[in-house]
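Beneath this line is the structure, given in structure tokens, with notes to follow.
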Amino acid sequence: MLELTLFIIMPISIGLLIASLHPIRIICKDQGSLGQEYAWKGLGLLIVLFIIGYILYSYALYQTGIQSLDIIIVFILFSGSCFVLAVIKLSLISIKEIKKISILERHHALHDALTNLPNRVLLNEAMSGAIATSKRNNTPLAIMLMDLNNFKEVNDTLGHYYGDRLLQSIVPVLKKSVREIDMVARLGGDEFAVILPNANLDDAKLVATRVINAIEQPFTVDQHVLNIGISIGISQHPDDGADCDSLLQKADVAMYIAKRNSLGFSVYDLTRDKNSLTRLIVLGKLRNAIANNQLTPYYQPIINLQTGKLHALEVLTRWHDEELGHIPPDEFIPIAEQSGLIKQLSAWVLDASIAQFMQWQKLNMNFSLSVNLSARDVQDETMINDLRMILSKHKMHPNQLNIEITESSMMLESNQPHHLISELNQLGVSLSIDDFGTGFSSLAYLKKLSTQSIKIDKSFVIDMLDDRSDEVIVRSILDIAHNLGQVVVAEGIESKECLDRLRDLNCHYGQGYFICKPLPAEQIFTWLQENCKSDVDVERKPTIIHSV
Ligand code: C2E
Ligand code: CA
Ligand code: CA
Numbered sequence: 012m013l014e015l016t017l018f019i020i021m022p023i024s025i026g027l028l029i030a031s032l033h034p035i036r037i038i039c040k041d042q043g044s045l046g047q048e049y050a051w052k053g054l055g056l057l058i059v060l061f062i063i064g065y066i067l068y069s070y071a072l073y074q075t076g077i078q079s080l081d082i083i084i085v086f087i088l089f090s091g092s093c094f095v096l097a098v099i100k101l102s103l104i105s106i107k108e109i110k111k112i113s114i115l116e117r118h119h120a121l122h123d124a125l126t127n128l129p130n131r132v133l134l135n136e137a138m139s140g141a142i143a144t145s146k147r148n149n150t151p152l153a154i155m156l157m158d159l160n161n162f163k164e165v166n167d168t169l170g171h172y173y174g175d176r177l178l179q180s181i182v183p184v185l186k187k188s189v190r191e192i193d194m195v196a197r198l199g200g201d202e203f204a205v206i207l208p209n210a211n212l213d214d215a216k217l218v219a220t221r222v223i224n225a226i227e228q229p230f231t232v233d234q235h236v237l238n239i240g241i242s243i244g245i246s247q248h249p250d251d252g253a254d255c256d257s258l259l260q261k262a263d264v265a266m267y268i269a270k271r272n273s274l275g276f277s278v279y280d281l282t283r284d285k286n287s288l289t290r291l292i293v294l295g296k297l298r299n300a301i302a303n304n305q306l307t308p309y310y311q312p313i314i315n316l317q318t319g320k321l322h323a324l325e326v327l328t329r330w331h332d333e334e335l336g337h338i339p340p341d342e343f344i345p346i347a348e349q350s351g352l353i354k355q356l357s358a359w360v361l362d363a364s365i366a367q368f369m370q371w372q373k374l375n376m377n378f379s380l381s382v383n384l385s386a387r388d389v390q391d392e393t394m395i396n397d398l399r400m401i402l403s404k405h406k407m408h409p410n411q412l413n414i415e416i417t418e419s420s421m422m423l424e425s426n427q428p429h430h431l432i433s434e435l436n437q438l439g440v441s442l443s444i445d446d447f448g449t450g451f452s453s454l455a456y457l458k459k460l461s462t463q464s465i466k467i468d469k470s471f472v473i474d475m476l477d478d479r480s481d482e483v484i485v486r487s488i489l490d491i492a493h494n495l496g497q498v499v500v501a502e503g504i505e506s507k508e509c510l511d512r513l514r515d516l517n518c519h520y521g522q523g524y525f526i527c528k529p530l531p532a533e534q535i536f537t538w539l540q541e542n543c544k545s546d547v548d549v550e551r552k553p554t555i556i557h558s559v
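Sequential numbering from 12 applies to the sequence shown in this note's numbering.
Here it is, written out as structure tokens:
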């Protein structure tokens, strides 16, 4: 009886060992890419040896008969076989779980959470692949960059919930409008990109037209009917560039032209479009100018209109290029913003102007420094840390610094401006809303933002003595600001009469060509020496050195 039991157990044990070879085969296939299949193959070989040994041992038992020690050995071998199978099965389950998690993690890292579309990282990966295929097979390839029109208005008027819902409902429409082989990616905000493999210019134009028509149909999100549009820029490989960055950059230039001229879509064209060429040249030169310290901070005084004392110096950056000549900030700041260079530019301006300011501080001059930041900086979460580092590098007290942010960048789609404002407040840096009156600012917004001052845009101040509606606007802004406890700075004071009028209206501070033009450090120092000893005499027109 015992013999029979043993002779049944032994084939079962061998069966278990053979069964464990199958999961090993699956694992080996799976682990191939990780380079661990050799370890598992080794384990498989050991099990095969185990099986052979077991069969030989069984045969020997069959020939010689069973001794008492053999009973123990057979049971040990049986347990060993069960153990091997269990361990290998469990390993397979764990490996499958880990694989599932890593697939999910890779998906998260490569996809946008809101729309589940590929993100910028995956787009770059896929574009590199598409470029390689296009090169190898000599096939065309087009890239489309797309930006929604009026999306900001949806966010501003209905809130982010509807903005997000709108983006989600646009995705299936976009996907339906492109071809099956095309990849649609979301780059952030309301910006999308499409890779069009094997598409010549006519194909790309056809797809772009389909996308425009589809997006122009009204979207219904809950009970709201939303009308939006889209601007598309198209670039082609290899004509417009040989790598992802240059193709995207060219598509960006084309999109910029499409948006500015309300064209729907525009194809990048180096020879025809001088503007885009200039923009690219400017971009390249600007990058060098920042890296090589070729920008110059100019300073414009902001004075207390009631006392005539100097209150602050506003930093206004100037750029003179040997070939291009003087490029005004209104031209290079938007280019820096669109290309991502603004981070370096803002850091440079802060660093250079604070270094200069600390030199003046040694002379016990009592005023603060006011630096402009752009809408992109406001969106940048690392901005506040950069600022902290620059302040501590120069040992500047945060309350000596004021940051100017335009009204329109305060109204961006995300909550980031509010984070930045509260972090600046915590740090002790004061904040002004620049160009006030030009955006959509609502009074509710003013109340919500904990800023310290408002700068009335110069377009209202310059003509306020001649244009009645401008004066009404200036007076209303002053009234609101006084009631909300905000300090007001009027910019664009070009005459003594204007300055007097603003003083009578109880405007706190002012700046403008009448007081002093923006000047480079050495010249502003002369101005400071002449005007600060006896405080600034607002009755007297200070010497103006025409520098710009
Ligand atoms: P802003 O911040 O509103 O600066 C005031 C602009 O008005 C400056 O132009 C200044 O030169 C000009 N201005 C001052 N007083 C008068 C006046 O009495 N009459 C007239 N007509 N204009 C006056 P600017 O320097 O050309 O700068 C233009 C804009 O470029 C600035 O407007 C600011 O938004 C931006 N900007 C300048 N430098 C920087 C910078 O370093 N970083 C950033 N992010 N933006 C900057
Ligand atoms: Ca400003
Ligand atoms: Ca301004």
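Cβ coordinates follow ideal geometry from the N, Cα and C atoms, glycine included.
| query | result |
| --- | --- |
| Straight-line gap, I301 to W359 (C-alpha atoms, nearest Å) | 7 Å |
| C543, DSSP secondary structure in three states | helix |
| Check whether L380 and L324 have beta carbons under 8 Å apart | yes |
| Where V483 falls, given that 16 or more other Cβ within 10 Å makes a residue buried | exposed |
| The alpha helix (DSSP H) enclosing D355, as first and last residue numbers | Sequence inspection shows Gln at residue 355; the Asp mentioned does not correspond to that position. Segment 353 to 372, the alpha helix (DSSP H) holding Q355. |
| Three-state secondary structure (DSSP) of E415 | strand |
| C-alpha gap between F525 and N272, whole angstroms | 37 Å |
| G529 Cβ short of 7 Å to ligand 1 heavy atom set | Checking the displayed sequence, the identity of residue 529 turns out to be Pro instead of Gly. Correct: P529 has its Cβ closer than 7 Å to ligand 1. |
| Straight-line gap, E191 to V232 (C-alpha atoms, nearest Å) | 26 Å |
| Whole-angstrom distance between V440 and K458, CA atom to CA atom | 19 Å |
| Cα-Cα separation between E418 and R197, rounded to whole angstroms | 27 Å |
| Which of helix, strand or coil DSSP assigns to I239 | coil |
| Same chain, Cβ closer than 7 Å to D123, neighbours up to 5 away in sequence not counted | N130, R197 |
| Given 8 Å, three or more beta-carbon pairs between the region 383 to 391 and the region 349 to 357 | yes |
| Cβ shell of W51 (< 8 Å), same chain only, five flanking positions each side left out | I35, I38, C39, Q42 |
| Sequence-distant residues of its chain with Cβ nearer than 8 Å to Y279 (five each side left out) | G244, I245, S246, Q247, D251, K261, A262, V264, A265, S287 |
| 7 Å CB neighbourhood of V182 in its chain, flanking five on each side removed | T126, L128 |
| 4-residue-minimum alpha helix (DSSP H) runs that sit fully inside the region 38 to 95, ordered along the chain | 48 to 75 |
| Backbone secondary structure at K404 - three-state DSSP | helix |
| Where the beta strand (DSSP E) through S480 begins and ends | Segment 479 to 494 is the alpha helix (DSSP H) holding S480; no beta strand (DSSP E) there. |
| Ordered list of alpha helix (DSSP H) runs contained in the region 138 to 172, each at least 4 residues | 162 to 169 |
| Beta-carbon contacts of D529 that lie in its chain and below 6 Å, excluding the five residues immediately before and after | Residue 529 is actually Pro in this sequence, not Asp. So the list reads Y309, Q311, L327, once near-sequence residues are dropped. |
| Chain-ordered list of residues that sit, by beta carbon, closer than 7 Å to a heavy atom of ligand 3 | D445, D446, K466, D468, K469, E502 |
| Meets three-Cβ-pair contact criterion under 8 Å: the region 205 to 214 and the region 161 to 179 | no |
| Inter-stretch contact at 8 Å, needing at least 3 Cβ pairs: the region 65 to 79 / the region 21 to 36 | yes |
| Cutoff 8 Å; reference L510; Cβ partners in own chain excluding five residues on either side | L316, I504, G521, G523, F525, I526, V549 |
| Same chain, Cβ closer than 6 Å to I444, five either side skipped, listed in chain order | E418, T462, I465 |
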